[in-house]
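Chemist: Offset between the sequence shown (1-based) and my numbering: plus 26.
Every residue gets a Cβ at the ideal spot worked out from N, C-alpha and C, and that includes glycine.
Below you'll find the structure I mean.
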Amino acid sequence: MKGYHVLLAFMFSIVSFGQNTYSKLINQADDLLEEHEDEQSKRQAFSLYEKAFKSFPDSITAADLSEISIIASELKEADKAFAYLDRLIKIERAQYGFPGWQNVTNKRALEEYKNLLDDPRWASMMSEAHALKAKFDVNLKKAEKEFYKVKSTKELASTNGKKLYEEIKAYNPYLPKAKQDYSISFAINDTVKTSFFIHLPKNYSPEKEYPVLFFLHGAVRYNNLQEFQTKELSLGGWNRYYTKYGDLDEVILIFPSGGKKYNWMTSNDGFFMIPAMLREVKKAINIDDNKVFITGHSNGATGSFSYLMKDSSPFAGFYGFNTQPKVFTGGTFIENIKNRSFINFSTDEDYYYPPNANDSFTSMMNELKADYKEYRYNGFPHWFPEFDESEPAYEILFKDLKERQRKSFNKELTWEFDDNAYGGVDWLTNIKLDTLGQKADWHKERNFKITKWLEYDKAENLQTIEVDKKAFDIPRLSGKAIARYKDNEFRIETSRVKSLSIAISPEMVNLKNKVKVYVNGKLYYDEKVDYDTAFILDNFDKTRDRKTIWINKIDITVK
């Protein structure tokens with residue numbers, strides 16, 4: 027038995043030595059390529075790759091196959107390039123779980139392999155790659171069809187508004203799922219598609235309602251929309267603690283793919299995506315409507331903050347790692363935070379948003395008595411989630427998520443906006459701007475100055491520089507409304523508002539009595555409100571929300 031353990035130890039030491047030596051050779055090659063661009067250096071790097079491949083064939087990775095095939099192409103070593111490519115395109119789960127054929131079907135391939143394009147073998151190889159892609163796409167669509175499959179139901183056929191309301195509350199057309207992980211396609215418009223990856227609890231049951239957490243990635247200006255995503259890319263790496271604690275707490279995780287034009291930070295063209303994806307998921311999965319959250323890192327954290335500022339109604343709370351709390355597509359109207367919550371996990375060595383600005387922002391939040399917390403981790407850079415020391419932040423996030431519920435029927439709401447597409451929150455809805463109207467005395471801009479910023483110099487050292495800028499941009503005139511209700515009476519103050527609507531729920535008012543609406547001290551409405559079947563169905567179709575069900579609305583034109 028002792029000899030057996032010695033043999034095992036020897037075998038593992040050989041494996042470890044092999045992987046270590048393989049990595050050294052590959053790293054040497056990569057260093058050469060990074061430091062030099064001449065042909066001689068490329069040939070030296072190519073030789074190191076080949077030596078590593080020959081000496082340690084069990085250590086070869088798909089990423090290294092891709093790299094050596096590109097080098098071979100650049101050196102016009104066509105035979106070797108095609109030999110490596112032939113191996114690469116057949117790998118089912120290559121780098122980050124993506125299939126190997128994607129290395130030659132993506133847009134970069136035409137540049138990376140330009141020296142191979144006139145070789146007859148390129149057309150043959152592309153034919154094989156497209157055949158593999160076609161087979162992959164069929165399986166992807168098959169899984170997506172299974173994901174969206176529900177019971178055949180006619181439950182929502184009632185023409186009686188009150189009965190329909192109760193039917194929606196009890197609505198459950200859901201079925202068990204064959205898989206835990208799905209990559210789902212999402213149409214942005216008629217010609218552009220992206221995807222989201224969804225990770226379900228291990229023992230998902232269609233009879234149980236689950237919390238949902240959207241994770242918004244960063245670097246939106248440099249990302250491309252992904253036709254499909256993999257669990258290796260979505261659930262590992264910097265996202266490992268979302269996976270760990272999401273699995274422990276049975277939270278559904280959703281990872282959307284954004285790009286330069288369509289995203290959640292710099293573009294209104296893509297801002298609709300997260301609520302629209304949520305609506306689609308609600309068709310297939312039993313979600314707790316009062317426990318849907320958004321988180322993100324860097325640009326994704328700014329995206330999370332932007333939904334808090336512009337479109338918070340479907341969500342219970344918001345989180346961000348290394349956040350820049352600012353709306354990039356219009357004004358940042360910070361009092362909108364009063365309707366929800368935000369937790370910011372910051373670091374003191376962050377070039378994206380400096381600690382002094384976070385101090386000022388937190389001070390403003392305290393003045394507003396907002397539901398806002400900042401947890402700062404000193405000694406860490408912008409890419410905080412990369413470090414294992416970030417794990418306690420995720421524990422805080424998931425503890426808050428477990429305890430927090432959306433409150434759609436708050437008795438007081440405040441909403442400021444500069445775009446009619448985002449004119450409202452919860453029951454204070456469909457607000458329209460009147461930019462020619464008089465601005466009320468109480469309608470004031472909130473902002474603060476930032477005088478110091480962090481940036482890296484040419485030697486990669488973090489420096490403090492002097493700046494003179496405001497925290498928030500206010501590029502357009504805004505409108506604002508503050509609304510309260512009690513005992514069937516709504517009182518609303520407006521500034522630069524042309525019109526608005528009040529959505530009604532039986533959880534807010536007594537339908538047996540009249541509802542009164544005062545706007546700027548003037549009585550605009552004094553009647554009973556009843557269930558409107560068509561309105562209920564239309565609203566449910568738009569939101570798929572079974573917890574916040576609006577039965578009617580009161581439209582007000584401000585005079």
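Return helix, strand or coil for K579, following the three-state DSSP convention.
Modeler: strand
Chemist: Can you pull the DSSP bridge partners for V523?
Modeler: L459
Chemist: Since K219 is in the alpha helix (DSSP H), which residue starts that stretch and which ends it?
Modeler: Looking at the DSSP string, K219 is not in any alpha helix (DSSP H); the run it does join, the beta strand (DSSP E), is K219 to H225.
Chemist: Considering only C-alpha positions, which residue in the set D337, I97 and A157 is nearest to G126?
Modeler: A157
Chemist: Terminal residues of the continuous alpha helix (DSSP H) containing G187?
Modeler: G187 to K195 is the span of the alpha helix (DSSP H), which, as asked, contains G187.
Chemist: Run through DSSP, which three-state label would L488 get?
Modeler: When DSSP states are grouped into helix, strand and coil, L488 belongs to the strand group.
Chemist: Could you compute how far the alpha carbon of S602 sits from the alpha carbon of I224?
Modeler: Only positions 27 to 585 of the chain appear in the structure, and residue 602 is not among them; the question remains open.
Chemist: Specify the secondary structure class of V584 as computed by DSSP and reduced to three states.
Modeler: coil
Chemist: Near P301, which residues of its chain fall below 6 Å by C-beta distance, leaving aside the five closest residues on each side in sequence?
Modeler: If you ignore the 5 residues before and after P301, its C-beta comes within less than 6 Å of the C-beta of P340, all in its own chain and listed in chain order.
Chemist: Answer with buried or exposed for Q350, where buried requires no fewer than 16 other C-beta atoms within 10 angstroms of its C-beta.
Modeler: buried
Chemist: Hey, quick one: how far does the alpha helix (DSSP H) through W148 stretch, first residue to last?
Modeler: Annotation: the continuous alpha helix (DSSP H) that includes W148 extends over P146 to Y174.
Chemist: Please check the pair R586 and G505, which I expect to be a contact at CB under 8 Å, by giving their CB distance rounded to whole angstroms.
Modeler: In the structure displayed, the chain extends from 27 to 585; residue 586 sits before or after that span and is not available.
Chemist: If you measure between the beta carbons of G244 and G296, is that distance less than 8 Å?
Modeler: Cβ distance not < 8 Å, so G244 and G296 don't count as in contact.
Chemist: CB P232 to CB I278, shorter than 8 Å?
Modeler: no
Chemist: State the start and end residues of the unbroken beta strand (DSSP E) segment that holds K475.
Modeler: K475 to Y482
Chemist: Beta-carbon within less than 6 Å of R247's beta-carbon, same chain only, minus the 5 sequence neighbours each way: which residues are those?
Modeler: K286
Chemist: Closest to D497 by CA distance: which of P418, I457 and S386 is it?
Modeler: Looking at the sequence itself, residue 497 is Ala, so the reference to Asp does not match. Ranking the options by Cα distance to A497, first place goes to S386.
Chemist: Please report how far the alpha carbon of E393 lies from the alpha carbon of T358, in whole angstroms.
Modeler: One C-alpha to the other measures close to 17 Å.
Chemist: Quick test of the definition: if touching needs 3 or more C-beta pairs under 8 Å, does the region 248-263 touch the region 307-319?
Modeler: no
Chemist: Here's the rule I'm using: 16 or more other beta-carbon atoms within 10 Å means buried, otherwise exposed. How should V353 be labelled?
Modeler: buried
Chemist: Based on DSSP bridge pairs, tell me the residues matched to K370.
Modeler: According to the sequence shown, residue 370 is Asn rather than Lys. According to DSSP, which records beta bridges pairwise, N370 is partnered with G346 and E400.
Chemist: Look up I320 in the DSSP assignment and give the residues it is bridged to.
Modeler: F240 and F344
Chemist: Assuming contact is defined by CB atoms lying nearer than 8 Å, are F347 and F331 in contact in what I supplied?
Modeler: No Cβ-Cβ contact shorter than 8 Å links F347 with F331.
Chemist: Assign D444 to buried or exposed, taking buried as 16 or more other Cβ atoms, counted over all protein chains shown, within 10 Å of its Cβ.
Modeler: Here D444 is buried. Its C-beta has 16 or more other C-beta atoms within 10 Å.
Chemist: Does A89 come out as helix, strand or coil in the three-state DSSP assignment?
Modeler: helix
Chemist: Looking at the secondary structure, which residues open and close the alpha helix (DSSP H) in which A606 lies?
Modeler: In the structure as shown, the chain starts at 27 and stops at 585, and residue 606 therefore has no counterpart that could be examined.
Chemist: Starting from the Cα of I52, find the closest Cα among D64, S81 and E137 and give me that residue.
Modeler: S81
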